[in-house]
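In full-length UniProt numbering, the protein residues as written are 1 to 561. A quick write-up on the structure given underneath.
Shown next as structure tokens:
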């Protein structure tokens, strides 16, 4: 991936007493959040998440932050602080711990429980856990950490204040300011104000909703909408949401009890996460409401509720398989209601609408954010961000967590409240805090790391380009045999094509031009098979482009006999 700031060079040595901030993900994109802080030769990592691939990355399962800039310094990492349990903040943690297992993990009870289930899958057992809660203060090396409660779309989210000899950094993580949260846990603005009075030298703030005016809608506003959907449905109800959205699942469980329905989870991650949330007391499951998914078939449709994964249109998710009629035991019936209780992550729109269309084609009534208030954001809107800037009064601001447009909008809000120094950075852009002033000082090489099955980092952008060409344009193979004695083509070309409606007869007119081109090259003294293959590639490539207006992958093979 080309770097967005080619004018920047490698950063200089960090001045004594300075704090360095190295974002390795989450700045310039929604997801893959990871930030490294350096002070006095030691490192602290805040969050380590994944990004999910889009249609331009075929075959890719996950996208990780690039650990390259710190790979040879992993022994200097004091701890990994996880602000909350969403995949875009914790999903890459096992991959980093595979390179050094004993890095301490610091986070809230629910966050660490969700991470621990991932570590077991990766067979990582040597990682020490430090469970913290709001108000706790703990030190790792030169980093003195204080944790602050913030409200988000998952319980137990935390902001973190990082004190060093260079000053204090306040990192919000993902947050909003819901004043009537379902679990009663609000963002602790008193703590924000207290830290502001002490002096926040650098404020890293969530930018995702900075373009949205006003305040984010309260979670409680969704309850009557869900209850109305339940009341209007005379058949089965399927609710799709994030597998970590404990609050939304709680609302569905409460609505199911009220309307005398039984509930089952569908999707491995949903089953796992809700079991963790229930066991830790973050999810209250009314007695008698839960059944196994396969047991729902024994109940009348009007008594069934399924809570499923797949709200982002993931191809292998439970909801996508239901829409494709390929699920093992859930078969949609005409008149069923499907509720997509989630927002659209940028880049997933086509996949989500594909699933919606598939569900409606089968006769389902689909309730989604476009036609009902079935989801609210977990991120602070512009009004909330202004409120925070006025409370904290930071000396420097670094907008994080969002696309470029979100971060720029966030920076403008900070300036409107009187913040004089707003620093904009993207992944790999290095920011130093020295003598109370933050500034961009250089860049480190930092790209996408693709997970493809068991392969981590082996898939390159070049290979993805080949996959896109194969998917969109197809491929043509051409085999030519050259007589090493006569120096002429003795057999072929044999041409095979896949991926378009080509038949063998389509290539008859190009066979002789290929023979003539190869023979000319041989007559000119070219004997290297690679050069002859390039001759074949150019000849058939021009013909396909001019004749069929296609640019397929061409695989030429020249064999000496």
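Built from N, CA and C at the ideal position, the CB exists for glycine as well. Computed from a predicted model, the values in this text were never measured in an experiment.
Would DSSP call residue 293 helix, strand or coil? DSSP places residue 293 in helix when its eight states are reduced to three.
Would you give the residue range spanned by the alpha helix (DSSP H) that residue 281 belongs to? Going by DSSP, residue 281 is part of no alpha helix (DSSP H) at all; its letter is neither H nor E.
Backbone secondary structure at residue 326 - three-state DSSP: In the three-state scheme derived from DSSP, where H, G and I count as helix and E and B as strand, residue 326 is classed as coil.
What does a CB cutoff of less than 6 Å around residue 557 pick up in its chain, not counting 5 residues either side in sequence? 479
Is the separation between the beta-carbon of residue 129 and that of residue 105 shorter than 9 Å? yes
List, from N- to C-terminal side, the alpha helix (DSSP H) runs of 4 residues or more that fit wholly inside the segment 343-404. Within the segment 343-404, the complete alpha helix (DSSP H) segments at least 4 residues long are 349-361, 382-392, listed from N- to C-terminus.
Give the DSSP-derived three-state secondary structure of residue 2 in the structure shown. Unreliable positioning characterises residue 2 in this predicted model, as indicated by a pLDDT of 40, which lies under 50. The coordinate reading is nonetheless provided below. Residue 2 falls in the coil class under three-state DSSP.
Below 9 Å between beta carbons: does that hold for residue 64 and residue 111? no
Let me make sure I understand the geometry here. Which of 120, 477, 493, 424 has the alpha-carbon closest to that of residue 22? 424
Should residue 284 be labelled buried (16 or more other beta-carbon atoms within 10 Å of its own) or exposed? exposed
Going by the DSSP bridge assignment, what does residue 562 pair with across the sheet? Residue numbering for the chain in the displayed model covers 1 to 561; residue 562 lies beyond these limits and cannot be assessed.
Beta-ladder partner(s) of residue 205, from DSSP: In the DSSP output, where bridge partners are listed per residue, residue 205 has 399.
Put residue 443 into one of helix, strand or coil per three-state DSSP. strand
Is it right to say residue 560 is buried, meaning 16 or more other beta carbons lie within 10 angstroms of its own, or is it exposed? exposed
For residue 2, which residues from the same chain have a beta carbon less than 8 Å from its beta carbon, with the 5 sequence-adjacent residues on both sides left out? Any reading at residue 2 must be qualified, since the residue scores a pLDDT of 40, below 50, and its modelled position is unreliable; the value itself is stated next. Closer than 8 Å at the Cβ level, and outside the excluded window around residue 2, lies no residue.
In the DSSP assignment, what residue or residues form a beta bridge with residue 339? 239, 367
Got a sec? Which residues, its chain only, sit under 6 Å from residue 138 by beta carbon, not counting five neighbours each side? 145
Grab the span of the alpha helix (DSSP H) containing residue 334 for me, first residue to last. Note, residue 334: premise wrong, no alpha helix (DSSP H); not H, not E.
For residue 90, does the three-state DSSP call read helix, strand or coil? In the structure shown, the three-state DSSP call for residue 90 is helix.
Sorted by chain position, which residues of the same chain lie with C-beta nearer than 6 Å to residue 495's C-beta, five sequence neighbours on each side aside? 478, 507
Just verifying my parser: in three-state terms, what is the DSSP assignment at residue 528? coil
Rounding to the nearest angstrom, what Cα-Cα distance links residue 310 and residue 240 in this structure? Each residue's Cα considered, the two are about 6 Å apart.
Reduced DSSP secondary structure (H/G/I, E/B, other) of residue 230: Residue state for residue 230 is assigned as helix, using DSSP reduced to three classes.
Counting Cβ pairs, one atom from each stretch, are 3 or more of them under 8 Å apart for the segment 321-329 and the segment 349-360? yes
Compare the beta carbon distance of residue 214 and residue 382 with 9 Å and say whether it is the shorter of the two. yes
At a cut-off of 8 Å, is residue 115 close to the ligand SAM when judged by its beta-carbon and the heavy atoms of the ligand? Annotation note on the ligand SAM: not contained in the displayed structure, which lists no ligands.
Check residue 479 in the structure and name its three-state DSSP category. strand
To which residues of the same chain is residue 539 closer than 7 Å at the C-beta, ignoring the five residues directly before and after it? By the criterion of a C-beta distance shorter than 7 Å, residue 539 is surrounded in its chain by 513, 514, 517, once the five residues flanking it on both sides are discounted.
Using only alpha-carbon positions, find the residue among 377, 351, 350, 318 that is nearest to residue 342. Comparing Cα positions, the closest option is 377.
Quick one: what does DSSP say residue 311 is sitting in, helix, strand or coil? coil
Check the C-beta distance from residue 306 over to residue 238 and give it rounded, since I have them as a contact under 8 Å. 4 Å
Return helix, strand or coil for residue 509, following the three-state DSSP convention. helix
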